[in-house]
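Protein chains in written order, with the working numbering: chain A, 1 to 334; chain L, 335 to 668.
Number of protein chains: 2
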Amino acid sequence: MATQRDVARAAGVSLAVVSAVVNGTSHTRMKESTRTRVLQAMRELGYQPNQTARSLRLNQTDMIAMILNKIDNPVYGPLRHGVYEAAAEHGATVLLGDAETMRSGSRFLTRLLSQGTVDGILIRGEGLLDDDVMAELRSHPKPILILEHALDHPWIDVDDHRAGEIATRFLANLGHRRIVFVGGSGYLSQQRYLGYRQAMEAAGLEPAPHLATGFGEQAGADGLRQAMQAPTAPTAIVVNNIMSAVGVLAAARDLGIAIPDQLSVVGIHDVDLMRHLRPAVTAVRMPMYQLGRAGVEALYDLIAGRPSAGGVITDPEPELVIRDSATAPPRLRD
Amino acid sequence: MATQRDVARAAGVSLAVVSAVVNGTSHTRMKESTRTRVLQAMRELGYQPNQTARSLRLNQTDMIAMILNKIDNPVYGPLRHGVYEAAAEHGATVLLGDAETMRSGSRFLTRLLSQGTVDGILIRGEGLLDDDVMAELRSHPKPILILEHALDHPWIDVDDHRAGEIATRFLANLGHRRIVFVGGSGYLSQQRYLGYRQAMEAAGLEPAPHLATGFGEQAGADGLRQAMQAPTAPTAIVVNNIMSAVGVLAAARDLGIAIPDQLSVVGIHDVDLMRHLRPAVTAVRMPMYQLGRAGVEALYDLIAGRPSAGGVITDPEPELVIRDSATAPPRLRD
DNA sequence: CTATGTTGAATTAACGTTACGTCAGCAAGG
DNA sequence: CCTTGCTGACGTAACGTTAATTCAACATAG
Chain A
1 MATQRDVARA
11 AGVSLAVVSA
21 VVNGTSHTRM
31 KESTRTRVLQ
41 AMRELGYQPN
51 QTARSLRLNQ
61 TDMIAMILNK
71 IDNPVYGPLR
81 HGVYEAAAEH
91 GATVLLGDAE
101 TMRSGSRFLT
111 RLLSQGTVDG
121 ILIRGEGLLD
131 DDVMAELRSH
141 PKPILILEHA
151 LDHPWIDVDD
161 HRAGEIATRF
171 LANLGHRRIV
181 FVGGSGYLSQ
191 QRYLGYRQAM
201 EAAGLEPAPH
211 LATGFGEQAG
221 ADGLRQAMQA
231 PTAPTAIVVN
241 NIMSAVGVLA
251 AARDLGIAIP
261 DQLSVVGIHD
271 VDLMRHLRPA
281 VTAVRMPMYQ
291 LGRAGVEALY
301 DLIAGRPSAG
311 GVITDPEPEL
321 VIRDSATAPP
331 RLRD
Chain L
335 MATQRDVARA
345 AGVSLAVVSA
355 VVNGTSHTRM
365 KESTRTRVLQ
375 AMRELGYQPN
385 QTARSLRLNQ
395 TDMIAMILNK
405 IDNPVYGPLR
415 HGVYEAAAEH
425 GATVLLGDAE
435 TMRSGSRFLT
445 RLLSQGTVDG
455 ILIRGEGLLD
465 DDVMAELRSH
475 PKPILILEHA
485 LDHPWIDVDD
495 HRAGEIATRF
505 LANLGHRRIV
515 FVGGSGYLSQ
525 QRYLGYRQAM
535 EAAGLEPAPH
545 LATGFGEQAG
555 ADGLRQAMQA
565 PTAPTAIVVN
575 NIMSAVGVLA
585 AARDLGIAIP
595 DQLSVVGIHD
605 VDLMRHLRPA
615 VTAVRMPMYQ
625 LGRAGVEALY
635 DLIAGRPSAG
645 GVITDPEPEL
655 VIRDSATAPP
665 RLRD
């Protein structure tokens, strides 16, 4: 590959001029004709700047890392989109990693920790990283931003509390009185559960205990089965994790429970898949795309040493997307 | 951050010795006591090697890029896994990009093209990259491996033809005579359709034309509706793309068609979601994890200048996962 | 006619690493 | 006693880029 030195030789100028042409530097001036000659030589030689040399010289790689706890979760699609887009606007590329593969001593982690690989790190799923890994990350000289509630780090997140509240209030307004909260574990679902409690109390209803069965399809199925074993079965469910809604639908079918006629379901988070399930699932859409964008902006604030605007994203708010899985409870429809 | 120079000073040795300790080089020898002293100094100073400088010196970044056409497609989960794992075994990290964001002039593409960013590139979804982008990629000095059938590039792929055949033969063996192939577009679905044709002809059945409605949930729904408009409705469907199966199930429900009683469905590719749909979807599992691993191995063959073992992966073969969406046709069950 | 500025460049010192070449000191062999 | 070989290191030139510094040539002002 051609280097700046080759271009300089071909154009009959010095290295400095080529560098100035490449970067549009104002410090080193030149005649327009010289610039043209250099550009011409660059084209002829097929010159491509060497990013590595640039990074070494500038101590900046124009690359940020994003670590997700469960990279396959479709709710992260828009998040990834927002991050990639905002990163591109900062002239940066994204190195994506899965928390599951980030065990201590893993290649990905070593790579992040060795200085000079990335300019900053975004993490979603801090709780899933073990303490060793977090300790190593903390010692990293480059800024780290957590994409969820965090205690001792700059963070930014969507409003999980409000999402739980919105889903629950919707069901309460439909006339449901026995509403349960199903699935989840960890800080995020705790926040959503608190939102659920708040809405229940505001409606003068008795909150049920958190049926924390975990994440994913199976968690939804397990949660529904548990809920149905109660002395008085619920007429509505708030599902902590949207993929758990798939499991709730499956378990309901297996148990002969008709949705929404016998049981209403509202999921937290929304993905395209929900439109295509039968019944289509009513869900609370979270501004994940905006979280991605805002996360990158906040990270670049940290990189630049500016004060970073973290906290809960309240604009836009979580938004209820009404489909077919929730309706008024049976007794009100008789 | 501490550099090798700092470590050398602290340990009272030269730069060369520190480098030798870091890399375990045999060229520069040293006493064990010296080695220990250097390691000690490294620990005390918190030395982390600078990957950028290393890359510049060695002209090798230990980073490979993977470009996927539809990064959100869950069938790519195991592929990604295989790639990340095999890459880690080669001491490399993966830079993941979406073909959709790879328009000409995009940041990600520029980054790949500027020399020195990655040691090689894996691409799945070549057809989705426009000609400009492919031309630019072709001019890249580092090797490129296509993870699907390709004409003028080294490639490796799973056996799509065989998958179409397996799905179709299974339905024919159940006794179905009117089987249609739904969804898809492009080379991959063409291969699967040819497998379908072969199985139909082997069973003495008349192949139906390819109902190419595209990818994803909606494509499945559209395909089913089209198929049902035929003078004699099919009793079974082979769905080109597994996510289209979701759409087929939804459209069937909307049209009042019972699955599997009135219509059997088999999808190509398999994802965990299929277990959790009702009915659970019978599908042909493709060795995507192995494709990922084999792809990385083949890419590293190219990087090392060795002849690369490309072509169709026949071990393991596509495997039928029987669930609840396919059964014998109605007339055979009467 | 000299001092001062401006234009348009060239030279060069880093950035942190790796690997080639060199070399002092010492032991053993002839 | 000289030669050879081995051990244990050191010095240094790159890798390709950027930016600070320097500088020649010429124009303009006093």
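We put the CB at the ideal spot given by N, CA and C, even for glycine. Note that the structure is a prediction, hence the values are computed from the model and not measured.
In this structure, residue 116(A) sits near residue 384(L), with a CB-CB distance shorter than 8 Å. DSSP lists 284(A) as the bridge partner or partners of residue 268(A). For residue 287(A), the closest Cβ of chain L is not nearer than 8 Å. The CB of residue 610(L) comes closer than 7 Å to the CB of 217, 246, 247, 250 in chain A, given here in chain order. Judged by DSSP secondary structure, residue 589(L) falls within the alpha helix (DSSP H) whose first and last residues are 576 to 589. For the pair residue 67(A) and residue 102(A), the CB atoms are nearer than the 8 Å cut-off. For residue 208(A), same chain residues with a beta-carbon under 6 Å away, outside a window of 5 residues either side, are 180 in chain order. Residue 557(L): member of the alpha helix (DSSP H) spanning 551 to 562, first to last residue. Per the coordinates, the alpha-carbon of residue 569(L) lies some 14 Å from the alpha-carbon of residue 557(L). The Cβ atoms of residue 563(L) and residue 547(L) do not sit closer than 8 Å to each other. Here residue 96(A) carries a strand assignment [DSSP, helix/strand/coil]. Under DSSP, residue 65(A) forms a beta bridge with 95(A), 121(A). For residue 653(L), the enclosing beta strand (DSSP E) stretches over residues 653 to 655. Contact annotation: in the segment 9 to 25 of chain A, no residue has its CB less than 8 Å from a CB in chain L. Measuring C-alpha to C-alpha distances from residue 114(A) to each of 92(A), 97(A), 141(A) identifies 141(A) as the nearest.
Where residue 182(A) is concerned, the enclosing beta strand (DSSP E) starts and stops at 179 to 182. Each of 492(L), 350(L), 387(L) was checked against the Cα of residue 372(L), and the nearest Cα belongs to 350(L). Neighbours of residue 141(A) in chain L, taken as residues at a C-beta separation under 7 Å, are given in chain order as 335.
Note that the C-beta distance between residue 539(L) and residue 516(L) is not below 8 Å.
With fewer than 16 neighbouring CB atoms inside 10 Å of its own CB, residue 255(A) falls in the exposed class.
Not flagged as an interface residue toward chain A: residue 481(L), since no C-beta distance is shorter than 8 Å.
Listed in chain order, the positions of the segment 65 to 84 of chain A with a beta carbon within less than 7 Å of a beta carbon of chain L are 72, 74, 77, 84. The Cβ neighbour count for residue 73(A), taken over all protein chains shown within 10 Å, is at least 16; the residue is labelled buried. Residue contact check for residue 298(A) against chain L: no CB pair falls below 8 Å. Between residue 578(L) and residue 554(L), the C-beta gap is smaller than 8 Å, which places the two residues in contact. Using a Cβ-Cβ cut-off of 8 Å, residue 450(L) is close to 50, 51, 52, 53 of chain A, given in chain order. Distance from the CA atom of residue 613(L) to the CA atom of residue 572(L), rounded to whole angstroms, is 16 Å. According to DSSP, residue pairing for residue 236(A) in a beta bridge involves 179(A), 264(A). Per DSSP, reduced to three states, the secondary structure at residue 171(A) is helical.
Residues of chain L whose Cβ lies closer than 9 Å to the Cβ of residue 106(A) are, in chain order, 422.
Straight-line spacing of the CA atoms in residue 302(A) and residue 191(A) works out to 26 Å. Taking C-beta atoms as the reference points, residue 604(L) and residue 586(L) fail to come closer than 8 Å. Interface annotation, residue 253(A): in contact with chain L, CB-CB separation under 8 Å. Rounded to whole angstroms, the Cβ separation of residue 459(L) and residue 398(L) is 16 Å, and the two are not in contact under 8 Å. DSSP places residue 145(A) inside the beta strand (DSSP E), whose first and last residues are 144 to 146. The C-beta of residue 425(L) comes closer than 8 Å to at least one C-beta of chain A.
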